[in-house]
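Here the sequence shown is numbered in UniProt numbering, starting from 1 and rising by one per residue.
Positions of the beta carbon are idealized from the N, C-alpha and C atoms, including for glycine.
All values derive from a computational prediction rather than experimental measurement.
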Amino acid sequence: SYGNGSAMRIAPIGVFYYDNLVMLKEVAYKSSQITHTHNLGKEGAALQAYAIALATSLEPSLAIDQSDFLAKLTSYTQDEVYQQKLDSLKGLLAKPDKTRVIAELGNGIEAFNSVPAAIYSFLAQPNSFAQAVLYAISLGGDTG
């Protein structure tokens, strides 16, 4: 399946392998393989793990460089679907509009929709974990 189940449980891998990107991707794929055999599901989990690894490495007192964060994610994923979704985040962050976010990113169970929506929620609310979670929930669908 290319659902988001493996991406939802991937956080510990992103934290544990934050400094070893080769192992991060390998372990993320192996972890996903148990329940999600489609490449889009596995790649979504790996991308989510990498986003968590990047966030773990950030200096808490400094503002997040959204462009740099997105550039790293875009270069990490080899899948065109995810690259296109990540490219659209730049415009969405520049002109936030929840209706447009849902239309362009999606809010369903598919990892290629929900993982970029989760990353967007984090980048749109970078100063508050609680606000990022509340924003993700407000997108509806399978985000809450």
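Counting of Cβ neighbours within 10 angstroms places residue 33 among the exposed residues, the total staying below 16. Closest in alpha carbon position to residue 57, among 72, 83, 3, is 72. Take residue 17, set aside five residues on each side of it, and the residues of its chain with a beta-carbon closer than 7 Å to its own are 23, 24, 27, 53, in chain order.
Judged by beta-carbon spacing, residue 86 lies within the 7 Å limit of residue 70, meaning their Cβ atoms are closer than that value. Below 8 Å, enough C-beta pairs join the stretch 35-46 and the stretch 73-85 to call them touching: three or more. For the 7 Å CB-CB criterion, residue 66 and residue 123 form a contact.
For residue 78, there is no enclosing alpha helix (DSSP H), as DSSP marks it with neither H nor E. Around residue 100, the same chain offers 92 as residues with beta carbons nearer than 8 Å, after the five sequence neighbours per side are excluded.
Leaving aside the five residues that flank residue 29 on each side, the residues in its chain whose CB is nearer than 7 Å to its CB run, in chain order, 42, 46.
Partner residues in a beta bridge of residue 43, as assigned by DSSP, do not exist. Ranked by Cα distance from residue 63, the options 126, 104, 4, 135 are led by 126. Just so you know, the alpha carbons of residue 102 and residue 19 end up roughly 32 Å apart. By the neighbour-count definition (other C-beta atoms within 10 Å, threshold 16), residue 48 is a buried residue.
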